[in-house]
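Quick note, the sequence shown lines up with residues 9 to 116 if you use the numbering used here.
All residues carry an ideal CB built from backbone N, CA and C; glycine is no exception.
In this text, all values refer to a predicted model and were calculated from it rather than measured experimentally.
Input: a single structure, listed below in structure tokens.
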Amino acid sequence: MHPTLTIDTTAQKGRTVLTITGSLDMDSCPHITAATDILVLEGHALALDLSGVTFMDSSGLNMLLNLRNRTQAENCALELSGLPDQPLRVLDITGARDLFILRPALTP
């Protein structure tokens, strides 16, 4: 695992939630991809709680776009929750914001 990255997975009714804390960059994204690749979605939504993300670069955006493609191919929804300002700005600058379902931060 990347030293500044944590990924927690929980199952909720109708969706799987990954809570990600740390940076979404070229060092951490392969770990996130590995964690999502093993998930069996079976038509359930995949929610990424990104409220603990401190930084996102183009590697993070690419990982999110690839995950979006996967969920669409599997007839699932991908929800991004609690996006901080910096990652949200990356989505805005690249024009990718409208490609994602954005939600407020998840409450425990």
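Does the beta-carbon of residue i have 16 or more other beta-carbons within 10 angstroms, so that it is buried, or is it exposed?
{"i": "alanine 55", "result": "buried"}
{"i": "proline 95", "result": "buried"}
{"i": "arginine 97", "result": "exposed"}
{"i": "isoleucine 101", "result": "exposed"}
{"i": "aspartate 45", "result": "exposed"}
{"i": "glycine 51", "result": "exposed"}
{"i": "methionine 9", "result": "Per-residue confidence for methionine 9 stands at a pLDDT of 48, beneath the threshold of 50, marking its modelled position as unreliable; the derived number appears in the next sentence. Methionine 9 should be labelled exposed."}
{"i": "glycine 22", "result": "exposed"}
{"i": "glycine 30", "result": "buried"}
Roughly how far, in whole angstroms, is the beta-carbon of residue i from the beta-carbon of residue j, given that I think they are within contact range, below 8 Å?
{"i": "leucine 110", "j": "leucine 86", "result": "Contact flag wrong, Cβ pair sits at about 11 Å."}
{"i": "arginine 105", "j": "leucine 99", "result": "4 Å"}
{"i": "glycine 58", "j": "isoleucine 28", "result": "Checking the sequence, you will find leucine at residue 58 rather than glycine. Contact flag correct, Cβ pair sits at about 6 Å."}
{"i": "threonine 24", "j": "leucine 49", "result": "7 Å"}
CA-CA distance, residue i and residue j?
{"i": "asparagine 77", "j": "aspartate 65", "result": "19 Å"}
{"i": "threonine 4", "j": "leucine 69", "result": "Not covered by the structure: residue 4. The range shown for the chain is 9 to 116."}
{"i": "leucine 47", "j": "threonine 62", "result": "24 Å"}
{"i": "leucine 122", "j": "isoleucine 15", "result": "This structure gives no information on residue 122, because the portion of the chain shown stretches from 9 to 116."}
{"i": "cysteine 37", "j": "leucine 88", "result": "16 Å"}
Can you tell me which of the three DSSP states residue i falls into?
{"i": "isoleucine 8", "result": "Residue 8 lies beyond the residue range present for the chain, which begins at 9 and ends at 116; the question has no answer from this structure."}
{"i": "valine 25", "result": "strand"}
{"i": "serine 67", "result": "helix"}
{"i": "valine 61", "result": "strand"}
{"i": "leucine 73", "result": "helix"}
{"i": "methionine 9", "result": "Confidence at methionine 9 is low in this model, with a pLDDT of 48, below 50, so its placement is unreliable and no value can be given for it."}
Restricting to Cα atoms, I'd like to know which of the options is closest to residue i.
{"i": "aspartate 33", "options": "Leu26, Thr41, Thr27", "result": "Thr41"}
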